[in-house]
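S.K.: Residue numbers (the numbering used here), protein chains in the order written: chain R, 17 to 491; chain P, 10 to 331; chain F, 3 to 290. Quick reminder that beta carbons are idealized off the backbone N, C-alpha and C, glycines included. Fair warning: this is a prediction, and the values are worked out from it, not measured in the lab.
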């Protein structure tokens with residue numbers, strides 16, 4: 017047996033401080049809310065104390081953002097805005113390693129992913145949108161599209177920095193100012209991003225970052241001074257926000273949950289399909305709204321595929337997120353771990369056959385071994401509910417029509433996967449799958465130039481590409 | 010096809026059916042799952058980010074040394090050159106007796122006798138390239154004679170090349186027959202079949218050629234002659250490791266894999282070992298099932314080994330140049 | 003010499019290509035601008051909403067899957083038929099909206115022209131809104147607009163034909179199917195339009211038109227789980243917020259009403275085409 021020695025990234029690189037403060041009107045200040053303690057989910061130790069906002073802080077931040085919009089940012093030539101945003105992109109890249117380690121500490125995701133995906137993609141997002149700031153007239157939304165004003169943005173804990181980038185970059189490029197609430201369990205990288213915003217010398221009030229729990233988010237999206245609400249998170253909360261915003265005239269975009277089907281035909285490139293399935297559901301511990309959580313495999317190849325899948329999943333290394341060889345890190349919170357555990361129990365109770373990787377798990381921290389359920393039917397909870405964890409449900413189909421029918425049989429519609437060597441079938445399937453992103457012979461690819469977002473209860477509005485600008489312009 | 014498949018293979022019916030005639034062979038090879046280039050390259054690049062440190066690294070270095078087929082395949086090769094290579098093979102690091110010997114020395118057929126003599130009693134194999142290496146462009150009788158020359162001189166391993174022209178023009182039966190014939194000529198010597206993946210153009214072809222070689226009785230499948238660029242690459246090796254793993258699933262037999270050419274550093278070698286470990290499985294992490302066809306790699310392994318043990322970096326003057 | 007007695011028309015609903023009465027058996031009197039009786043219109047119920055949504059859903063696959071060229075031709079054919087009924091629409095809008103002959107005529111002409119304008123968009127909107135995404139990797143990535151699905155449309159209350167056409171045509175041009183609640187007090191042009199649609203090549207179920215009390219029908223549309231989007235243009239102002247809240251139950255796309263009904267004679271832009279389109283992004287690796 018060849019045991020890989022631990023290869024931990026040094027946590028010193030994260031420059032972790034005992035306490036963090038919120039960022040309001042260009043200054044780091046104490047919030048009026050009860051400070052929260054953010055925990056390393058891999059060890060359950062407290063990482064830092066973070067000040068949170070209360071309603072008067074939200075009000076101050078929205079007013080600061082309004083002032084910044086009216087006096088500076090909204091009237092600044094696009095070319096000047098662009099240069100500020102380019103600065104942010106570069107500074108994220110300069111501090112990439114620090115941000116990656118901090119992200120893995122706070123979120124529990126493997127350093128391999130924060131280093132190779134989250135941070136570079138966040139930087140790329142600012143870089144891409146910076147270039148739009150003085151070219152909005154070419155976006156096909158009219159000759160001189162105007163910003164909306166103040167954007168209130170609420171983001172989840174699964175990609176803390178990246179989601180902040182997805183929200184802030186297009187808002188700023190379009191001339192809006194921002195009040196952003198990071199997730200309660202993962203506020204740290206957003207506050208380092210605030211430092212970058214300060215170092216990049218953005219005018220005070222253009223970007224405000226207010227940590228806190230759901231009540232701060234509710235306060236923010238309900239604030240009368242907000243012109244635009246953008247939310248990424250669960251469908252349940254998305255619905256509450258849509259209700260809150262109803263009748264106010266605030267522009268709203270929602271990026272919500274999913275239950276993506278990953279459809280494998282018998283002529284698929286099987287080894288790469290296995291990689292795609294693994295990447296689809298075990299990337300980021302399955303804490304991905306577009307995760308390929310339902311594997312639909314053609315009956316004739318199901319046994320072979322499942323055998324390969326089990327072998328491959330067995331090689332996934334679960335453990336210390338800071339270890340460069342870790343493939344699957346920690347579940348972000350006790351609460352999420354409990355939810356995953358309970359859904360997995362329901363899968364067993366409803367008669368699906370559970371297979372769990374024999375990988376060793378750390379004794380401390382929130383971990384869940386990669387799990388694959390075979391013999392799943394559409395009626396089971398594990399086939400319908402978003403688990404948001406490293407749990408795959410395998411269903412079978414016989415014909416392309418059946419695959420489409422099963423894939424679409426969900427109120428969600430965020431993403432889908434297709435695996436086949438037959439080009440015409442890919443396009444036929446892509447036409448019929450009711451999902452905002454369709455990956456064919458690949459999965460979980462993201463790029464600032466490629467619009468991302470859902471159909472149906474997976475939300476509305478797009479992030480990325482020309483289509484993503486519409487969310488932040490008065491058009 | 011001219012000759013029936015060797016009776017001893019005892020292949021499962023689906024596989025022995027595949028070799029019944031040219032049409033069956035073609036149907037079988039083209040029925041293998043495709044390989045998506047981007048997917049396999051991404052997987053290879055992803056695994057290449059594994060960070061192997063400390064004891065795991067030292068183990069990898071020693072294991073890699075024991076897997077080296079120390080190679081000289083030059084027109085300028087002489088008995089003296091081969092003898093000094095053999096000395097290096099026996100004791101790669103003269104200052105450190107605990108360093109394991111390499112797996113084999115790999116030479117042209119006319120140098121086999123010299124190598125056999127120099128390695129007698131060491132347990133180190135003598136591999137010989139054969140079959141009109143590196144191009145394979147000659148008649149079958151010449152290829153057989155070439156093989157027999159090597160085996161008669163004492164080669165324990167034969168590295169043959171396939172007829173890429175025949176393969177690329179779809180004459181799979183011809184390639185199959187040649188491998189079967191050469192295998193026969195090898196007698197007890199192990200047969201490594203060089204696919205020359207750099208000339209096969211696609212990963213689909215690499216997978217087909219791997220299966221073709223295994224169906225014909227290869228003990229090892231080998232990427233390259235080292236005379237064509239690109240030689241071994243990580244993704245190509247991934248495809249071949251997947252093929253031997255699938256072959257094992259189908260037959261219970263383990264065929265070996267040998268990437269050759271272009272692997273020069275310890276870092277590269279460890280990436281290959283990680284791929285072996287995580288794609289084929291740890292049963293392949295032995296010189297019986299995995300080899301590196303290399304020459305300069307060995308010295309880098311030795312330098313890195315010293316660095317690991319001594320706690321400071323070593324230099325080229327502290328390892329022997331042969 | 004007695005004048006010939008005209009044959010009065012019975013105004014019914016238009017659901018799934020057929021003209022049923024309301025399942026409730028109810029009707030309500032439609033009056034002209036001066037309060038004179040014009041006709042009885044069917045007063046649709048929640049069950050009629052349900053039937054209409056079923057019809058719209060059933061028609062969605064075929065209509066959204068038709069080629070854009072085909073949709074363009076079908077819609078253009080509707081404009082041809084509208085032209086043939088020009089005088090009838092002038093009479094009906096004139097009576098309902100109290101516009102004089104010249105204004106009513108201009109309104110009908112604008113409605114027909116608007117229909118033609120949207121018919122021409124069917125096979126262009128994907129070019130304008132779609133994209134080849136230059137992603138940083140060996141992939142071909144493209145984005146295309148796709149219809150949202152079944153759209154509930156509360157038609158404008160004042161402008162009974164031009165307003166109706168201005169909200170209906172863009173929704174179906176992009177491949178959606180619709181359930182329209184016609185102007186409550188001025189429903190007759192909508193019914194006549196449905197007669198045109200029924201004799202055109204627009205498949206049954208693509209457009210379903212209900213007449214009745216907007217306030218009664220709108221909540222059922224807003225909360226219906228098989229409706230994907232809601233156009234609140236003709237919603238009673240007092241109900242707008244509640245309808246939007248209700249739509250949140252299944253995350254419907256909502257096109258909000260403006261405080262006052264827009265000037266429909268103003269030249270349109272593509273915002274109404276954009277309103278009921280989703281963007282689908284497709285990725286595929288490039289390799290050999």
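Any heavy atom of the ligand FAD closer than 6 Å to the beta-carbon of residue 328 (chain R)?
M.R.: The ligand content of the structure shown is nil, which means the ligand FAD is not present either.
S.K.: Skipping 5 residues on each side, what residues in its chain have a beta carbon closer than 6 Å to that of residue 28 (chain F)?
M.R.: For the purposes of this step, residue 28 (chain F) is taken as the residue at position 26 of the third chain. If we look at residue 28 (chain F) and ignore the five residues flanking it on each side, its Cβ neighbours are 45.
S.K.: Are at least three pairs of beta-carbons, each pair with one atom in the region 444–457 of chain R and one in the region 122–139 of chain R, less than 8 Å apart?
M.R.: Judged by Cβ distances under 8 Å, the region 444–457 of chain R makes no contact with the region 122–139 of chain R, as fewer than three pairs qualify.
S.K.: Residue ranges of each beta strand (DSSP E) run of no fewer than 3 residues wholly in the region 301–387 of chain R, ordered along the chain?
M.R.: 310–314, 369–372
S.K.: Return the bridge partner residues of residue 212 (chain F) from the DSSP annotation.
M.R.: Against the third chain, residue 212 (chain F) aligns to sequence position 210. Note: residue 212 (chain F) sits in a beta bridge opposite F:183.
S.K.: DSSP beta-bridge partners for residue 169 (chain R)?
M.R.: In the first chain, residue 169 (chain R) corresponds to position 153, counting from 1. In DSSP, residue 169 (chain R) forms a bridge with R:196, R:246.
S.K.: If contact means a Cβ-Cβ distance below 8 Å, which residues of the region 57–79 of chain R contact chain P?
M.R.: none
S.K.: Considering only the alpha carbon of each residue, which of P:30, P:244, P:117 lies closest to residue 281 (chain P)?
M.R.: Position 272 of the second chain, counted from the start, is the residue given in the question as residue 281 (chain P). The residue with the shortest Cα to Cα distance from residue 281 (chain P) is P:244.
S.K.: How many angstroms separate the CA atom of residue 240 (chain R) from the CA atom of residue 202 (chain F)?
M.R.: For the purposes of this step, residue 240 (chain R) is identified with residue 224 of the first chain, where counting begins at 1. For the purposes of this step, residue 202 (chain F) is identified with residue 200 of the third chain, where counting begins at 1. Near 48 Å, if we compare the C-alpha coordinates of residue 202 (chain F) and residue 240 (chain R).
S.K.: In chain F, what lies closer than 7 Å to residue 215 (chain P) by C-beta?
M.R.: Counted from its first residue, the second chain places residue 215 (chain P) at position 206. Within chain F, no residue comes near residue 215 (chain P); the closest Cβ sits about 11 Å away, beyond 7 Å.
S.K.: Give me the DSSP bridge partner(s) of residue 278 (chain R).
M.R.: The residue you call residue 278 (chain R) lines up with position 262 of the first chain. Paired residues: R:311, R:433.
S.K.: Under a Cβ-count criterion, where at least 16 other Cβ atoms within 10 Å of its own Cβ denotes burial, should residue 322 (chain P) be classed as buried or exposed?
M.R.: Looking up residue 322 (chain P) in the second chain gives position 313. Result: exposed.
S.K.: Between which residues of its own chain and residue 179 (chain F) is the CB-CB distance below 7 Å, once the five residues before and five after are set aside?
M.R.: As a working note, residue 179 (chain F) is residue 177 in the third chain. Within the same chain, residue 179 (chain F) has close Cβ partners 58, 61, 62, 65, 152, 207, 208.
S.K.: Pick from P:174, P:117, P:95: whose alpha carbon is nearest that of residue 85 (chain P)?
M.R.: Taking the first residue of the second chain as 1, we reach residue 85 (chain P) at position 76. It is P:117 whose Cα lies nearest to the Cα of residue 85 (chain P).
S.K.: Please classify residue 224 (chain F): is it buried, with 16 or more other beta-carbons within 10 angstroms of its beta-carbon, or exposed?
M.R.: For this step, residue 224 (chain F) is matched to residue 222 along the third chain. The residue is buried, with at least 16 neighbouring Cβ atoms inside 10 Å.
S.K.: Shortest alpha-carbon distance to residue 240 (chain F) belongs to which of F:252, F:260, F:253?
M.R.: Residue 240 (chain F) sits at position 238 when you count from the first residue of the third chain. Of the candidates F:252, F:260, F:253, the one whose C-alpha sits nearest the C-alpha of residue 240 (chain F) is F:260.
S.K.: In angstroms with no decimal places, state the Cα-to-Cα distance between residue 12 (chain P) and residue 189 (chain P).
M.R.: For the purposes of this step, residue 12 (chain P) is taken as the residue at position 3 of the second chain. For the purposes of this step, residue 189 (chain P) is taken as the residue at position 180 of the second chain. Caution applies to residue 12 (chain P), whose pLDDT of 49 falls short of 50 and renders its modelled position unreliable; the model cannot decide the point.
S.K.: So residue 162 (chain P) and residue 134 (chain P) are in contact, right, with Cβ under 8 Å, and what is the actual spacing, rounded?
M.R.: Residue mapping note: residue 162 (chain P) aligns to position 153 of the second chain, counting from 1. Residue mapping note: residue 134 (chain P) aligns to position 125 of the second chain, counting from 1. Wrong, their Cβ atoms sit about 13 Å apart, outside the cutoff.
S.K.: Cα separation between residue 305 (chain P) and residue 377 (chain R)?
M.R.: One-based indexing of the second chain puts residue 305 (chain P) at position 296. One-based indexing of the first chain puts residue 377 (chain R) at position 361. Cα to Cα, residue 305 (chain P) sits roughly 40 Å from residue 377 (chain R).
S.K.: Taking the C-alpha atoms as reference points, what is the distance between residue 126 (chain F) and residue 52 (chain R)?
M.R.: The sequence position of residue 126 (chain F) within the third chain is 124, counting from 1. The sequence position of residue 52 (chain R) within the first chain is 36, counting from 1. Cα-Cα distance, rounded: 52 Å.
S.K.: Residue 282 (chain F) to residue 247 (chain R), Cα distance in whole Å?
M.R.: The residue given as residue 282 (chain F) occupies position 280 in the third chain. The residue given as residue 247 (chain R) occupies position 231 in the first chain. Cα-Cα distance, rounded: 20 Å.
S.K.: Compare the C-beta of residue 242 (chain P) with all C-beta atoms of chain F and state if any pair is closer than 7 Å.
M.R.: Indexing the second chain from 1 puts residue 242 (chain P) at position 233. For residue 242 (chain P), the answer is no, since every Cβ of chain F falls outside 7 Å of its Cβ.
S.K.: Taking Cβ to Cβ, would you say residue 145 (chain R) is nearer than 7 Å to residue 198 (chain R)?
M.R.: As a position in the first chain, residue 145 (chain R) is number 129, starting the count at 1. As a position in the first chain, residue 198 (chain R) is number 182, starting the count at 1. No, these two residues do not count as a Cβ contact at 7 Å.
S.K.: What residues in its chain sit with their C-beta under 7 Å from that of residue 275 (chain F), if we drop five residues either side in the sequence?
M.R.: In the third chain, residue 275 (chain F) corresponds to position 273, counting from 1. Once the five neighbours on either side are set aside, the close Cβ partners of residue 275 (chain F) are 123, 127, 172, 175, 176.
S.K.: Quick one: is residue 352 (chain R) buried, meaning 16 or more other Cβ sit within 10 Å of its Cβ, or exposed?
M.R.: Residue mapping note: residue 352 (chain R) aligns to position 336 of the first chain, counting from 1. Around the C-beta of residue 352 (chain R), 16 or more other C-beta atoms lie within 10 Å, and the residue is accordingly described as buried.
S.K.: Go through the region 183–222 of chain P residue by residue and report every complete run of the beta strand (DSSP E) that reaches 3 residues or more, in order.
M.R.: 199–203
S.K.: Can you tell me the Cα-Cα spacing of residue 14 (chain P) and residue 427 (chain R), whole angstroms?
M.R.: Position 5 of the second chain, counting from 1, holds the residue named residue 14 (chain P). Position 411 of the first chain, counting from 1, holds the residue named residue 427 (chain R). Reliability fails at residue 14 (chain P), whose pLDDT of 47 lies under 50, so the model's placement of it is uncertain and the value that follows must be treated cautiously. If you take the alpha carbons of residue 14 (chain P) and residue 427 (chain R), they lie about 56 Å apart.
S.K.: Under 8 Å, with one C-beta from each stretch per pair, do the region 113–122 of chain R and the region 149–163 of chain R reach the 3-pair mark?
M.R.: No, the region 113–122 of chain R does not touch the region 149–163 of chain R.
S.K.: Just the chain F side, please: which residues come within less than 9 Å of residue 143 (chain R) by C-beta, in chain order?
M.R.: One-based indexing of the first chain puts residue 143 (chain R) at position 127. Against chain F, the beta carbon of residue 143 (chain R) has no neighbour under 9 Å; the closest one sits roughly 10 Å away.
S.K.: Using the C-alpha atoms, what's the distance from residue 167 (chain P) back to residue 231 (chain P)?
M.R.: As a working note, residue 231 (chain P) is residue 222 in the second chain. As a working note, residue 167 (chain P) is residue 158 in the second chain. When rounded, the distance between both Cα atoms is 11 Å.
S.K.: If you follow the alpha helix (DSSP H) that residue 86 (chain F) is part of, which residue opens it and which one closes it?
M.R.: One-based indexing of the third chain puts residue 86 (chain F) at position 84. Where residue 86 (chain F) is concerned, the enclosing alpha helix (DSSP H) stretches over 70–86.
S.K.: Which whole-angstrom value is the C-beta distance of residue 399 (chain R) and residue 411 (chain R), which I expect to be below 8 Å?
M.R.: As a working note, residue 399 (chain R) is residue 383 in the first chain. As a working note, residue 411 (chain R) is residue 395 in the first chain. Contact holds; Cβ gap of about 7 Å.
S.K.: Return the residue from the list P:246, P:278, P:274, P:277 that minimises the CA-CA distance to residue 265 (chain P).
M.R.: As a first step, residue 265 (chain P) is located in the second chain; it is residue number 256 there, counting from the start. Closest option to residue 265 (chain P), Cα to Cα, is P:246.
S.K.: Flag this pair as touching only if the region 49–69 of chain P and the region 19–37 of chain R have three or more C-beta atom pairs under 8 Å; answer yes or no.
M.R.: yes
S.K.: Compute the distance between the beta-carbons of residue 460 (chain R) and residue 435 (chain R), then report whether it is under 7 Å.
M.R.: Position 444 of the first chain holds residue 460 (chain R). Position 419 of the first chain holds residue 435 (chain R). For residue 460 (chain R) and residue 435 (chain R), no; Cβs fall outside 7 Å.
S.K.: Here's the rule I'm using: 16 or more other beta-carbon atoms within 10 Å means buried, otherwise exposed. How should residue 71 (chain F) be labelled?
M.R.: Residue 71 (chain F) sits at position 69 when you count from the first residue of the third chain. Flag for residue 71 (chain F) reads exposed.
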